[in-house]
Amino acid sequence: MTRPHSRRAAAATPLLVLFALGVAGCTAGVPAPSDTAEPSPSPAASTSETPEASPSEAPAVGATCDTVLTPEAYTKLEADGLVPMPFTPFDPVEVRIADEGGLTCSWGKPQTDLVLAVAQVATGGDDAAWTAALADGGYTPTDDPVAGAYTGQPDAGNGITPIVILADGTITFVSVPAYAGWVRPAS
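Taking mature numbering (1 follows the signal peptide of the UniProt record, and there is no 0), I'd label the letters of the sequence shown as residues -28 to -1, 1 to 159.
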């Protein structure tokens, strides 16, 4: 009987560790409600407060913090008790995306260091400049976990490696590799 519980705990631990790398802030509302029938013991996960929109210029992509990820990702965020948080960039690629007016989002678990950061901007057709910036930032092309992915340097504190996806005229920073497959294509 303890074996299934141990497997669940073992499966949940790496995901929780992955969240620790996040470093940005969401500029939009609370994640979409879950359609999942699976019970969640987290009644405090939803709040009535909505973060203020960023005073920076509009993102260069059609996404918002409510649409940049797939519905499954928002369900997972809600189930794990992650809520929108202020954006605080640390990675040079994140900083550049923010400086260029890109979308910057972050979800975190209150009173913990568990954070997911996503930043996205249109490349304006200048993929070569972004490729050079990625190389300068220590990113290498891997196409893992998704096509167009570049893998960054592991965080010294937690060992989690950020992912940047360069595809379809858009560059997207994702602080937690497990969420890279849940990034929606830019519109």
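The beta-carbon is built from N, C-alpha and C at its ideal position, and this holds for glycine as well.
Computed from a prediction, not measured in an experiment: that's the story for all the values here.
Q: Rounded to whole angstroms, what's the CA-CA distance from Pro157 to Ala150? Just pull it up for me.
A: Translated into the one-based positions of the sequence shown, residue 157 becomes position 185. Translated into the one-based positions of the sequence shown, residue 150 becomes position 178. Rounded to the nearest angstrom, the gap between the Cα atoms of Pro157 and Ala150 is 16 angstroms.
Q. For the candidate residues Gln92, Pro126, Ile69, Val55, whose alpha-carbon lies nearest to that of Gln83?
A. Counting from 1 along the sequence shown, the entry for residue 83 is found at position 111. The closest CA to that of Gln83, considering only Gln92, Pro126, Ile69, Val55, is found on Val55.
(Q) Taking the straight line between their C-alpha atoms, what separation do you get for Thr95 and Thr142? (A) Here residue 95 is taken as the residue at index 123 of the sequence shown, counted from 1. Here residue 142 is taken as the residue at index 170 of the sequence shown, counted from 1. The alpha-carbon atoms of Thr95 and Thr142 are separated by roughly 5 angstroms.
(Q) At the level of alpha carbons, what is the spacing between Asp108 and Gly34? (A) For the purposes of this step, residue 108 is taken as residue 136 along the sequence shown, with counting starting at 1. For the purposes of this step, residue 34 is taken as residue 62 along the sequence shown, with counting starting at 1. Cα-Cα distance, rounded: 28 angstroms.
**Q.** Under the three-state DSSP convention, the category Tyr111 falls into
**A.** Locating residue 111 in the sequence shown gives position 139, where the first residue counts as 1. Looking at Tyr111 - three-state DSSP - the assignment turns out to be coil, as it is neither helix nor strand.
Q: For Asp63, count neighbouring Cβ atoms within 10 angstroms of its own Cβ and tell me buried if that reaches 16, exposed if not.
A: Walking along the sequence shown from the start, residue 63 turns up at place 91. Asp63 is buried by the Cβ-count criterion.
Q: Assign Ile69 to one of three DSSP states: helix, strand, or coil.
A: Translated into the one-based positions of the sequence shown, residue 69 becomes position 97. The answer is helix: DSSP assigns Ile69 an H, G or I state.
Q: From the DSSP output, read off the bridge partner residues of Val90.
A: Taking the sequence shown and counting its residues from 1, one reaches residue 90 at position 118. The partner list for Val90 (beta bridge, DSSP) reads Cys77, Val146.
Q) Taking buried to mean at least 16 other C-beta atoms within 10 Å of its own C-beta, is Thr112 buried or exposed? A) Translated into the one-based positions of the sequence shown, residue 112 becomes position 140. Classification of Thr112: exposed, given that the 10 Å Cβ count is below 16.
Q: Please report the Cβ distance between Ala121 and Ile132, rounded to the nearest whole angstrom; I am assuming they are in contact, meaning their Cβ atoms lie under 8 angstroms.
A: Residue numbering aside, residue 121 sits at position 149 when the sequence shown is read from its first letter. Residue numbering aside, residue 132 sits at position 160 when the sequence shown is read from its first letter. Beta-carbon to beta-carbon, Ala121 and Ile132 are separated by about 15 angstroms, too far to satisfy the 8 angstroms threshold.
Q. Between which two residues does the alpha helix (DSSP H) containing Leu49 stretch?
A. On the sequence shown, position 77 is the one that residue 49 refers to. Start and end: 43 to 51.
Q. In angstroms, rounded to a whole number, what distance separates the CA positions of Pro58 and Leu49?
A. If you number the sequence shown from 1, residue 58 lands on position 86. If you number the sequence shown from 1, residue 49 lands on position 77. Each residue's CA atom was taken as its position, placing Pro58 and Leu49 some 16 angstroms apart.
(Q) For a quick check, are the C-beta atoms of Cys77 and Val93 less than 7 angstroms apart? (A) To locate residue 77, count along the sequence shown from 1; it is residue 105. To locate residue 93, count along the sequence shown from 1; it is residue 121. It is not a contact, given that the beta carbons lie outside the stated cut-off.
Q) Should Gln45 be labelled buried (16 or more other beta-carbon atoms within 10 Å of its own) or exposed? A) On the sequence shown, position 73 is the one that residue 45 refers to. In the sequence on display, residue 45 carries Ala and not Gln. When all chains shown are included, Ala45 counts as buried.
Q. Thr144 to Asp52, Cα distance in whole Å?
A. Taking the sequence shown and counting its residues from 1, one reaches residue 144 at position 172. Taking the sequence shown and counting its residues from 1, one reaches residue 52 at position 80. Approximately 23 angstroms between the Cα atoms of the pair.
(Q) Quick check: does the Cβ of Gln125 come within less than 6 angstroms of any heavy atom belonging to the ligand NAP? (A) Among the components of this structure there are no ligands whatsoever, and the ligand NAP is therefore not found.
Q. Going by DSSP, which residues form a beta bridge with Val155?
A. Taking the sequence shown and counting its residues from 1, the one referred to as residue 155 is at position 183. Bridge partners of Val155: Leu41.
Q) For the candidate residues Val65, Thr60, Leu75, whose alpha-carbon lies nearest to that of Thr39? A) By 1-based counting over the sequence shown, the position of residue 39 is 67. Nearest C-alpha to Thr39: Leu75.
Q | Coil, strand or helix - Pro58 by DSSP | A | Position 86 of the sequence shown, counting from 1, holds the residue named residue 58. Shown here, Pro58 sits in coil according to DSSP, grouped into three states, outside any helix or strand.
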